[in-house]
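Below: one structure, written as structure tokens.
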Amino acid sequence: MRRRVFLLAAAGLLWSAGTARAQAPGTVTGFIDKTMTIGGTAQRYVVYVPRNYSPDRKWPVILFLHGSGERGTDGLKQSQVGLGTAVRLYPERYPAVVVMPQCAPEQRWDGAMAEFALKALDQTVAEFQGDPDRLYLTGLSMGGAGSWDLGTQYPEKWAAIVSICGRGDIPSITSKLKDTPVWAFVGDQDQAATVQFARDVTAALKSAGSTRVRYTEYPGVPHNSWDAAYAEKELPTWLFAQKRRR
């Protein structure tokens, strides 16, 4: 009996650590390492597949863009911060497939890296029965800026956008995203320009006629507002209630 309990505990530990595991014949769940080639260069990303995944129905898909500290080539760090942490801690709150590309060193979420992120998303949608009407975009810090940028470039693609402590171009955001559900987060002890941007962009969206914008500013919180944001019980409830307007 003791050995059986130990083995069950070990299995649970492997799941929380992100090891992919077989759920049913032909189905693998957990955190799955992926690679694709962009411009002759191999780029790595991780796909999180929920434990109750079944290919018999369509699934919401979240594209998560990490911050500058997770850039690299290991294919791992980007899944250990922000949304990756939240789905490990609260898997029941995030019944969705999550795509976590890793930005190359010294790059940002534009140009080739933006192309990579979108291709990883499209590949995941095709591979895991993603619902094209429930594609969600989120990011933190550098990835928060990337979410504003990709959001304005492809406004018709997203059911909702969650941007955390990232800046962008307010005129583009208000003109392209005033009809898209948006939730912005920031800590009031972040850089003054970042805090002011978060206040200004949400005010600008409301002035442009948006009735689907939300804003949360955490008192006493510095740059890392993402741990609190992704731990909000209301965030995934709100997120998955959104559906792309055709």
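Those letters in the sequence shown? Residues 5 to 250, by our numbering.
For each residue, glycine too, the CB sits at the ideal point set by N, CA and C.
{"Asked": "Determine the direct distance from the alpha carbon of Leu209 to that of Thr128, and round the result to whole angstroms.", "Found": "31 Å"}
{"Asked": "Can the beta-carbon of Gly73 be found closer than 9 Å to that of Val85?", "Found": "yes"}
{"Asked": "Whole angstroms is fine: what's the gap from Tyr222's alpha carbon to Gly44's?", "Found": "43 Å"}
{"Asked": "Let me check understanding here. Comparing Cα to Cα, which of Asp194, Pro175, Thr41 lies closest to Ile168?", "Found": "Asp194"}
{"Asked": "Could you give the distance in angstroms between the alpha-carbon of Arg203 and the alpha-carbon of Val225?", "Found": "15 Å"}
{"Asked": "Pick out whichever of Lys237, Lys123, Phe35, Thr33 has its Cα sitting closest to the Cα of Ala46.", "Found": "Lys123"}
{"Asked": "To the nearest angstrom, report how far apart Ala188 and Leu181 are at their CA atoms.", "Found": "13 Å"}
{"Asked": "Where do the N-terminal and C-terminal ends of the alpha helix (DSSP H) with Gln47 fall, by residue?", "Found": "Here Gln47 belongs to no alpha helix (DSSP H); instead the beta strand (DSSP E) covers 45-53."}
{"Asked": "Do Trp242 and Ala130 have their C-beta atoms closer together than 9 Å?", "Found": "no"}
{"Asked": "Taking one C-beta from the stretch 144-156 and one from the stretch 56-64 each time, how about it: are there three or more such pairs within less than 8 Å?", "Found": "no"}
{"Asked": "Ignore the nearest five residues each way along the sequence and tell me which others in Tyr219's own chain have a CB closer than 6 Å to its CB.", "Found": "Ala188, Thr206"}
{"Asked": "Helix, strand or coil for Arg92 per DSSP?", "Found": "helix"}
{"Asked": "Mapping the DSSP letters down to three states, classify Lys237 as helix, strand or coil.", "Found": "coil"}
{"Asked": "Check whether the Cβ atoms of Gly1 and Asp126 lie closer than 9 Å to each other.", "Found": "Since the first residue of the chain shown is 5 and the last is 250, residue 1 is not available in this structure."}
{"Asked": "Do Val101 and Val50 have their C-beta atoms within less than 9 Å of each other?", "Found": "no"}
{"Asked": "Under DSSP, the alpha helix (DSSP H) around Leu154 begins and ends at which residues?", "Found": "146-157"}
{"Asked": "Can you tell me whether Phe120 is helix, strand or coil according to DSSP?", "Found": "helix"}
{"Asked": "In the DSSP assignment, what residue or residues form a beta bridge with Lys180?", "Found": "Looking at the DSSP assignment, Lys180 forms no beta bridge with any residue, so it has no partner."}
{"Asked": "Could you give the first and the last residue of the continuous beta strand (DSSP E) run that contains Leu67?", "Found": "63-69"}
{"Asked": "Do Cys107 and Leu154 count as a contact pair if the criterion is CB distance below 9 Å?", "Found": "no"}
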